[in-house]
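First comes the structure, then the notes that go with it.
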C-alpha cells in the first residue's frame, strides 16, 4: 500500500515538511520548481499551446490597439508595448497628433535598450513628472515586476538619465515633487525605514544633491502600521502637505502640515475614503458617522468645507446615499467639480457635483453609456491642472473598449462625448449574448453573475468561471481578448461572479466576505457553479475556474471544499497556507485574521487549503502558478501546495494525447478518473 505524507494538517499546522520551498532563491527550491515547470511544458506545451500563444501575441502586438494616455501640460504621455518593444517604449504626443488616423509619437525612452545596457530585467512601473517646469521626471523601474522599484531621474530635454539626480536603489514606496529641487520621499529605502509589511515607515524631505539616507524625516510611524505617505496639494491657496498614516488596509489617519511636518490632524473617520480640492472635501465613511449634529449612513458621500470643519463648525452637504444594490464606486475632483461613479444593480451611473457655500448643484452625466463597464478619470495627470476635461472608457464582454473625451464645462445639456479611439475586435462575437443571473448561496444571499456565451446551450457547455471577492475590489465583466479568442470563439461560455468580499455593493458586501465571512465568499462561488448546472448550462466536469492572489485562495478552496463542482482549476499567485501568511512578505498587512490567535485560527483553518488537502479525495486537476518576483504573495504559497498535493496523489503520470483534453485512463483509488486522465498530479509553474 502506498504511504501518503499528510503533513501539514489542520490539527498539526506547524509540522510542515515543505518550509524549504519558502526560500525564494534557494538552490533546492529553484531546482524543484524548474523540474515542475519542465513537466508542465512537457504535458501541455505542444502544438496547440504554440498556436494559442501565437494568436494572443498577434492580438497584443496589434498597432491599432488603444494607447492609454495622461496629459501633462501640452503633451499626452503613453507607455507602449508591441513586437518591437517587448519591455516598452515611453513616448508622448499632442492631442491633435494623437487623434490622427495614424497617431504620431515622439519616443522618449526605449526600455528594451536600457535593459540590455544595464543587464537588468527591467519592468516599467510608472513615472512622476515634475509639474511646474515639466523638464524632469523620476522613473520607476522594477526588477522582474516586483513592487520594490528603482527610482531614476530623467531629463525630458536631453532624453537621458541624470547621473547625479534623484536616483534611489530598490525599495517599496514612491516620491512626490515639492519643487524642481525637492522631493517628498515615502520609501522603505534604508535600515529601519520599513514597516513590518515592508512599506515606508517615514516621509523624508529629499533635497537635490543630498543623501537620501540622511534626509530629514518629517513624518513617521511605528513598524506595526502598514505605512505612511505624503503629497503636496497644489489646489490650496498656500503650500499644503497631506501626511497620511495607513494603520491597516482600511484605516488611515490624516494630517495637514508643511515642510517641517504635520500641524493639524483632520478628524475624519479612519476607515473613510476622502478626496480634497481647494477648501473642499468629499468623504465616504464605511460606517455611520455623526458630525455637525447629523448622522450620515455608511457609504454615503458627504461634501464638506475643509476650513469650517477644522474650525469646528462643519458645513456639510449630503450628496449620495447607497442602497441595497446601489453603491458608490469612485469619486474624484476635476477643476473644482466632484465626479461621482456608482452602480445600480451593476449598471453604471455618473453624476457631477459643484460645491457652493449655500448648496451643491447636481448634474447627471447622462450622455455617458449607461450599460456595460464604464470608467471615468481626469484627462490631466495633476489635479491642480485639470480644466473640466475627462476621459471615459466604455466596453462590455463582446464590445471592444472605446475611449471618449468629455468637457464638463459644456452648458446643459451635456454634449455628446468625442470618440478618441476604438479598440479593434479581437475575436468573433456573432452569436454571443450577455445575460445576468443570480445564484442562492448557503445562507440565502443572492449572488449575481454575468454569463457570456452562445444564445442557446446544450447542457454540456465548456464554462470558464472566475471571481475575486476581496479588498473591496469590484469585478465587472469587460472585453477580454484572451478569453474571447481562445474560449468564446471556440464555443465556450464565460462567467464572472460577484461574490462577497468585493466592492460591488458597498461596505456591507465587502465586510460580509471578510475574516470569518471569507468562507461564505467561497460558498458564493460554489453556488454560482451549482446554479450553472441547475439552469442546464453545463455539467460540473465541464467547469474550469480561475482566480489570482485572493482569487487564488478562492480556487484553492474550491479544490478542497467543493471538488465535485469543477472539472479543472487554475490558481495563480495564490494564498494557500493561512497559518503562516502573516509571516511571509506583505502578508502582515492583510486582515484575513491573525493565525496566532486561537479564535482567529478557528475560522482561518476553514479556508487554509494547504492544511485541509488530504489523500483519497476526488480532487479535479489543478494548475498552480507563481513568480519569484512577486513581493506581496510569497511564491512558497503555491510551491508548498503543489508539493503536498503531489505527495498525497502519487498515482503516476497520465499519458496525454497531443492537443486533446482526454488521455488514457490511469486507475487511482480515491480520485475521479477525469482528474487523473486530464492532468495527472498537480503542477507548479515558477515564472
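In my numbering, the protein residues as written are 2 to 688.
Idealized CB from N, CA, C, for every residue including glycine.
Hey, out of 383, 337, 350 and 384, whose CA is closest to residue 361's CA?
337
Around the Cβ of residue 434, are there at least 16 other Cβ atoms within 10 angstroms (buried) or fewer (exposed)?
exposed
Let's see if you can read the secondary structure: which residues bound the beta strand (DSSP E) around residue 511?
It is not in any beta strand (DSSP E) - residue 511 instead sits in the alpha helix (DSSP H) that spans 507-513.
Give the DSSP-derived three-state secondary structure of residue 1 in the structure shown.
The question about residue 1 has no answer, for the chain in this structure spans 2 to 688.
By the three-class DSSP mapping on this structure, what secondary structure does residue 472 have?
coil
To which residues of the same chain is residue 14 closer than 6 angstroms at the C-beta, ignoring the five residues directly before and after it?
580 and 612
Going by beta carbon distance, what residues of the same chain come within less than 7 angstroms of residue 292, once the five residues before and after it are set aside?
315 and 317
Residue 597, buried or exposed, once every other Cβ within 10 Å from all chains shown has been counted against 16
exposed
Measure how close the beta-carbons of residue 321 and residue 299 come, nearest whole angstrom, since I'm counting them as under 8 angstroms.
Rounded, the Cβ-Cβ distance is 12 angstroms, inconsistent with contact.
Find out if the Cβ-Cβ distance for the pair residue 585, residue 23 is shorter than 8 angstroms.
yes
Kindly indicate the opening and closing residues of the beta strand (DSSP E) around residue 534.
No beta strand (DSSP E) holds residue 534; the alpha helix (DSSP H) holding it covers 519-535.
Whole angstroms are fine: how far does the CA of residue 34 sit from the CA of residue 393?
43 angstroms
Count Cβ pairs between the segment 470-486 and the segment 549-564 that sit closer than 8 angstroms; are there 3 or more?
yes
How long is the line joining the alpha carbons of residue 253 and residue 167, rounded to whole angstroms?
28 angstroms
Pull up the CB-CB distance for residue 216 and residue 205, whole angstroms please, since I reckon it's below 8 angstroms.
4 angstroms
Burial state of residue 659, where buried means 16 or more other Cβ atoms lie within 10 Å:
Any reading at residue 659 must be qualified, since the residue scores a pLDDT of 32, below 50, and its modelled position is unreliable; no value is offered.
Mind checking which residues open and close the beta strand (DSSP E) that includes residue 376?
374-379
Would you grab the beta carbon distance between residue 374 and residue 396 for me? Rounded to a whole angstrom, and I think it's under 8 angstroms.
6 angstroms
Taking DSSP's pairing of strands, which residues face residue 549 in a bridge?
573
Given a threshold of 16 other Cβ atoms within 10 Å of its Cβ, counted over all protein chains shown, does residue 61 qualify as buried or as exposed?
exposed
Expressed to the nearest angstrom, what Euclidean distance is found between the alpha-carbon atoms of residue 452 and residue 494?
7 angstroms
Compare the Cα-Cα distances from residue 73 to each of 132, 630, 376 and 421 and report the closest residue.
132
Taking the Cβ atom as the reference point for each residue, do residue 339 and residue 305 lie within a distance shorter than 8 angstroms?
no
Considering only C-alpha positions, which residue in the set 95, 561, 565 and 172 is nearest to residue 149?
172
Measure the C-alpha to C-alpha separation of residue 67 and residue 448 and round it to an integer number of angstroms.
33 angstroms
Using three-state DSSP, classify residue 643 as helix, strand or coil.
helix
Any idea what DSSP makes of residue 49, helix, strand or coil?
helix
In three-state DSSP terms, what is residue 738?
A query on residue 738 cannot be resolved here, the shown segment of the chain reaching from 2 to 688 and no further.
From the DSSP secondary-structure annotation, give me the bridge partner or partners of residue 174.
188
If you count every other CB in all the chains shown that lies within 10 Å of the CB of residue 296, and 16 or more means buried, which is it?
exposed
When the Cα atoms are used, what is the spatial distance from residue 528 to residue 418?
40 angstroms
Taking contact to mean 3 or more Cβ pairs, one atom from each stretch, closer than 8 angstroms, check whether the segment 96-108 and the segment 351-361 are in contact.
no
When 328, 506, 567 and 555 are compared against residue 532, the one with the closest alpha-carbon
567
Assumed close pair residue 557, residue 621 - CB separation to whole angstroms, cut-off 8 angstroms:
About 12 angstroms separates the two Cβ atoms, so there is no contact after all.
From residue 655 to residue 440, what distance separates their C-alpha atoms?
Bear in mind that the predicted position of residue 655 carries a pLDDT of just 35, short of 50, making it unreliable; the figure below should be weighed with that in mind. Taking the straight line joining both Cα atoms gives about 36 angstroms.
Measure from the C-beta of residue 508 to each C-beta in chain C and report whether the shortest distance is under 8 angstroms.
The question asks about chain C, but that chain is absent: this structure has only one protein chain.
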